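**Student:** Please find one structure pasted underneath; my questions will follow.
Numbering (our numbering), first residue to last: -8 to 227.
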């Protein structure tokens, strides 16, 4: 008897389809359902988990790695361990760059060749309003003005939060730096599903005023954002 896909698996696949047009075709993407039974991580990856990790964290970690391994296979590569760096960011195997994100019911991964992409960042968030008490911590005065002008300011705030997460992940591959939400100021083209993330200060190799381009999609109960940094667009 063939078992029907779980509802959460169907949602994960729908969200993978949302992500696909946000990134170049040369970037492989994949999804995994953390509510099912994700494949076990590679031994080197499992060793990165805290012995005190709760079941939810273990499932999310396994699902994220499983999605990343699937994306590697799509690039005709053998899955390799994705370890954890000192700042808890994924350490991608030599020759690769990528990003992993998850919500309660879906893990997404995007992987590209490092010779082609200097950085990739993706983020998935539940499409629910951002609590008003968080606005000041994630948004500048200009960004809050934009949020207030949207039909649903709270949901616009969640989009802003997600887009900053994706941009930060993409730049981290180059700068090795995490910084506060004030380190970038974002603007959106809602009709085209695009955004621009502008650095507000120097974060070498980026200078204040440099910007990254991103895309977003909203559907299947989530917000998905993505940023890629092609090496061809880097400063000499």
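Where is the CB? At the ideal position from N, CA and C, for every residue including glycine.
Predicted model, so just to flag it, every value in this text is computed and none were measured.
Mind checking who residue 175 pairs with in its DSSP beta bridge?
**Tutor:** 190
**Student:** Can you tell me whether residue 223 is buried or exposed? The criterion is at least 16 other CB atoms within 10 Å of its CB, across all chains shown.
**Tutor:** Exposed, since its Cβ has fewer than 16 Cβ neighbours within 10 Å.
**Student:** Name the residue from 175, 3, 60, 150 whose alpha carbon lies nearest to the alpha carbon of residue 120.
**Tutor:** 150
**Student:** Measuring CB to CB, does residue 98 end up less than 8 angstroms from residue 55?
**Tutor:** Yes, Cβ-Cβ distance for residue 98 and residue 55 is below 8 angstroms.
**Student:** Which class does residue 72 belong to by DSSP, given the choice of helix, strand or coil?
**Tutor:** coil
**Student:** Tell me which residues share the same chain as residue 17 and place their Cβ nearer than 7 angstroms to its Cβ, disregarding the 5 neighbours each side in the sequence.
**Tutor:** Within the same chain, residue 17 has close Cβ partners 103, 107.
**Student:** Tell me the DSSP bridge mates of residue 207?
**Tutor:** 216
**Student:** Can you name, in chain order, every residue of its own chain whose Cβ lies under 8 angstroms from the Cβ of residue 229, other than the five neighbours on each side?
**Tutor:** Since the displayed the chain opens at -8 and closes at 227, residue 229 lies outside it and no answer follows.
**Student:** Since residue 127 is in the beta strand (DSSP E), which residue starts that stretch and which ends it?
**Tutor:** First-last for residue 127: 126 to 129, but that is the alpha helix (DSSP H), not the beta strand (DSSP E).
**Student:** Helix, strand or coil: which one does DSSP assign to residue 132?
**Tutor:** helix
**Student:** For residue 24, is the classification buried or exposed, using 16 other Cβ atoms within 10 angstroms of its Cβ as the cut-off for buried?
**Tutor:** buried
**Student:** Give me whichever residues DSSP pairs with residue 82 in a beta bridge.
**Tutor:** 74
**Student:** Measure from the alpha carbon of residue 163 to the alpha carbon of each residue in 51, 211, 58, 110, then state which is nearest.
**Tutor:** 110
**Student:** Residue 51 to residue 216, Cα distance in whole Å?
**Tutor:** So the two alpha carbons sit approximately 19 angstroms from each other.
**Student:** Within the continuous alpha helix (DSSP H) that includes residue 148, where are the two ends?
**Tutor:** Its alpha helix (DSSP H) spans residues 144 to 166.
**Student:** Mind checking whether residue 153 and residue 196 have CB atoms under 8 angstroms apart?
**Tutor:** no
**Student:** So, helix, strand or coil for residue 101, using DSSP?
**Tutor:** strand
**Student:** Under the DSSP definition of a beta bridge, which residues are partnered with residue 197?
**Tutor:** Residue 197 is bridged by DSSP to 194.
**Student:** If I follow the unbroken alpha helix (DSSP H) through residue 52, where does it start and stop?
**Tutor:** That run of the alpha helix (DSSP H) goes 46 to 65.
**Student:** Identify, in the order they occur along the chain, each residue of the same chain with its Cβ nearer than 8 angstroms to the Cβ of residue 220, setting aside the five sequence neighbours on each side.
**Tutor:** 108, 109, 110, 111, 161, 162, 164, 165, 203
**Student:** With a CB to CB cut of under 6 angstroms and the five nearest residues on each side skipped, what residues in its chain are close to residue 21?
**Tutor:** 58, 61, 62, 100.
**Student:** Run through DSSP, which three-state label would residue 34 get?
**Tutor:** helix
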